[in-house]
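The numbering of the sequence shown is full-length UniProt numbering, which starts it at 1 and goes up by one. In this text, a Cβ means the ideal position worked out from N, Cα and C, and glycines have one as well. Note that the coordinates shown come from a computational prediction; the quantities given were computed from them, not determined experimentally. Each remark here refers to the structure printed beneath this line.
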Amino acid sequence: MFKSAILILSGNASTSILLFARNLLVARLVSVEDYGIAATFAISMAIVEMMSTLGLQSLIVQDREGDDPALQAGLQGFHLLRSVFSGAVLFGISQPLANLLGIPNVAWAYQVLAVVPVLRGFIHFDIYRMHRSMVFLPSVLSTSGPALVAVLTIWPLYRLFGDYRVMLYSVLVQGFTLMIVSHLLARRSYRLALDGTVVRRALLFGWPLLINNILLLAIFQGEKLIVGSELGLEPLAIFAMGMTLTLTPTLLFSKSLQSFMLPQLSAVKDDEKQFRYLANVALEASLFFSVILVLGFVFLGAPVVNFLLGSKYDALVPFLTWLAILQALRGFKTGSSVVAVSQAKTENAMVSNAIRVVMLFPAWYMATLGYSLMAIVWLAIIGEFLGYVASLVLLKYRIGLRMRKSVLPILCAFAILVLAATTTFQPFGSGLMAELLTAGALITLLLVCFLTMKDLHRYGREQFLQKVTG
Numbered sequence: 001m002f003k004s005a006i007l008i009l010s011g012n013a014s015t016s017i018l019l020f021a022r023n024l025l026v027a028r029l030v031s032v033e034d035y036g037i038a039a040t041f042a043i044s045m046a047i048v049e050m051m052s053t054l055g056l057q058s059l060i061v062q063d064r065e066g067d068d069p070a071l072q073a074g075l076q077g078f079h080l081l082r083s084v085f086s087g088a089v090l091f092g093i094s095q096p097l098a099n100l101l102g103i104p105n106v107a108w109a110y111q112v113l114a115v116v117p118v119l120r121g122f123i124h125f126d127i128y129r130m131h132r133s134m135v136f137l138p139s140v141l142s143t144s145g146p147a148l149v150a151v152l153t154i155w156p157l158y159r160l161f162g163d164y165r166v167m168l169y170s171v172l173v174q175g176f177t178l179m180i181v182s183h184l185l186a187r188r189s190y191r192l193a194l195d196g197t198v199v200r201r202a203l204l205f206g207w208p209l210l211i212n213n214i215l216l217l218a219i220f221q222g223e224k225l226i227v228g229s230e231l232g233l234e235p236l237a238i239f240a241m242g243m244t245l246t247l248t249p250t251l252l253f254s255k256s257l258q259s260f261m262l263p264q265l266s267a268v269k270d271d272e273k274q275f276r277y278l279a280n281v282a283l284e285a286s287l288f289f290s291v292i293l294v295l296g297f298v299f300l301g302a303p304v305v306n307f308l309l310g311s312k313y314d315a316l317v318p319f320l321t322w323l324a325i326l327q328a329l330r331g332f333k334t335g336s337s338v339v340a341v342s343q344a345k346t347e348n349a350m351v352s353n354a355i356r357v358v359m360l361f362p363a364w365y366m367a368t369l370g371y372s373l374m375a376i377v378w379l380a381i382i383g384e385f386l387g388y389v390a391s392l393v394l395l396k397y398r399i400g401l402r403m404r405k406s407v408l409p410i411l412c413a414f415a416i417l418v419l420a421a422t423t424t425f426q427p428f429g430s431g432l433m434a435e436l437l438t439a440g441a442l443i444t445l446l447l448v449c450f451l452t453m454k455d456l457h458r459y460g461r462e463q464f465l466q467k468v469t470g
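Take a look at the structure:
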């Protein structure tokens, strides 16, 4: 189990680092405005992917019949149909999207991107089915390998094009490589089927995830669309890079936790005591990682930005701590989401994200009135906080999870966020002594927070003993 956790984390980390490196390389090589255009490619891809995603990869892990070849063939057939539809939608909205962002001459690039969802439609689901047996290497390689290829293509593409097209063709290469690698690493032959029973089962499981993904689309890309359309491409580039810096480690952890904990939680979903224990482990792990993320940006954010991106992204530095707090609150919800999905309560994440989406309306209104980017970030933080509270309430009343053990870890985690937020106002003054006092207070709170996470301690000890004795 310990080896599986390390494999998942290292694999997801390598993929995230490689894709992050691609973004950094493109940002350093092209102008800020061209990077703003490149950032819109992620927006357009997210629009079609999130609007049609049904969590089929999770279903094949969670469902009791996930090993059935007929079910796998039906899911693969339905996935291909969904992906072709996604590509057609992206092609259809290309011109309106380009017009909205004020770059009508770039519509052709969004039309080219429409090929990527179709390529992903041919992914072999065997790499996900093997998660049921805690075999993760094929899925790790199928994501990290294409990411490496995508990075290696950046310099040749820059020499060839020298502008935002570098990102466009890198994304295409990554999508094609992912499709090929998933087939090379599969154990079963690839079969497609359109089975009405499988489609109904997938829709029953996935419709809340579909709505949730539409909400995530609004969350992740809505603010970018607001910034790009109301404030311009350069503020969009600053905001998009800040989100990339802070969201990348959050998504890395979220994906790793789901891959590792979902099979374990699903296996004991009918054992109340064991399920409650593992659910608490997931909740505490989410809190602990998220506060570490915030501390990392408080201590290292500014020098990292200056080193990686240079002076042209200096305007990003004042936003880093606030964006890290925003992503930490999103990270808090990861444990709640994994626990809910293991019980097929896929509506939980949908409800908590709907609360976050509501904050987009005042954000758009404030942007039209000329308010700064910081106001949009603060509204997003309020939305994520309310969404996290909602996720805990749903766990308690829809799944019956007792929250008593979580009270102290949650309070300690929020104390860290509050102190991190106040560092932007320098509560201890300025100078070396003030920085040392701030660092000492934050590290002390982190240690106290960790000491309250008793189920996470127990789980760590058990896994360590298994490794030593096994």
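Closest by C-alpha distance to residue i, when choosing among the options
i, options, result
"residue 477", "A147, V61, A186, R191", "The chain is shown from 1 up to 470; residue 477 falls before or after that span and cannot be answered."
"N353", "L25, Y371, I381, T368", "I381"
"F260", "Q463, H131, R187, P69", "H131"
"F253", "T334, F161, R188, G145", "T334"
"Q174", "I410, S142, L101", "S142"
"Q258", "F239, V341, I443, S391", "V341"
"I443", "I292, Y371, L394", "I292"
"L355", "D67, S391, G440", "A small fix is needed here, since residue 355 is Ile in this sequence, not Leu. Nearest of D67, S391, G440 to I355, Cα basis: S391."
"R398", "S336, L436, L100, D67", "S336"
"L236", "S266, L157, L316, D271", "L316"
"M167", "T438, D68, R22", "R22"
"A421", "S139, R191, L326, K255", "L326"
"L447", "R461, Y164, L251, L408", "L408"
"Q72", "V115, E435, Y190, A98", "Y190"
"L215", "V351, K454, G121, F136", "V351"
"E272", "Q343, F288, N306, P263", "Q343"
"E384", "L401, C412, L308, A349", "A349"
"D195", "Q76, G121, H183", "Q76"
"S266", "V26, I410, V339", "V339"
"H457", "E284, K269, R28", "E284"
"G162", "T368, V26, E462, M359", "V26"
"S182", "P249, G228, S144, L157", "S144"
"A441", "C412, Q463, L81", "C412"
Buried or exposed (CB count within 10 angstroms, at least 16 for buried), residue i
i, result
"D34", "buried"
"V84", "exposed"
"Y388", "buried"
"P418", "A small fix is needed here, since residue 418 is Val in this sequence, not Pro. Exposed, because fewer than 16 other Cβ atoms sit within 10 Å of the Cβ of V418."
"F78", "buried"
"M403", "exposed"
"R159", "exposed"
"S406", "buried"
"S52", "Legend: pLDDT at S52 = 47, less than 50; position of this residue unreliable, value from coordinates given subsequently. That one is buried."
"M374", "exposed"
"P263", "buried"
"L203", "exposed"
"K396", "exposed"
"N280", "buried"
"R330", "buried"
"T197", "exposed"
"L184", "exposed"
"F288", "buried"
Residue range of the alpha helix (DSSP H) that includes residue i
i, result
"G74", "69–100"
"N306", "272–309"
"A193", "Neither: A193 is in no alpha helix (DSSP H) and is coded neither H nor E."
"R159", "154–160"
"M243", "233–267"
"G331", "320–342"
"P362", "360–368"
"R120", "115–120"
"V173", "165–184"
"F414", "407–422"
"I127", "126–129"
"V389", "373–394"
Contact with chain D by residue i, beta-carbon distance below 7 Å
i, result
"L369", "The structure shown contains no chain D; it is built from a single protein chain."
Would you call the stretch 361–369 and the stretch 310–324 in contact, with 3 or more CB pairs under 8 Å? no
With three or more C-beta pairs closer than 8 Å as the rule, is the stretch 284–303 touching the stretch 321–340? yes
Count Cβ pairs between the stretch 85–99 and the stretch 107–125 that sit closer than 8 Å; are there 3 or more? yes
Do the stretch 122–140 and the stretch 149–162 make contact, defined as three or more Cβ pairs closer than 8 Å? Judged by pairs of C-beta atoms under 8 Å, the stretch 122–140 does not touch the stretch 149–162, as fewer than three such pairs exist.
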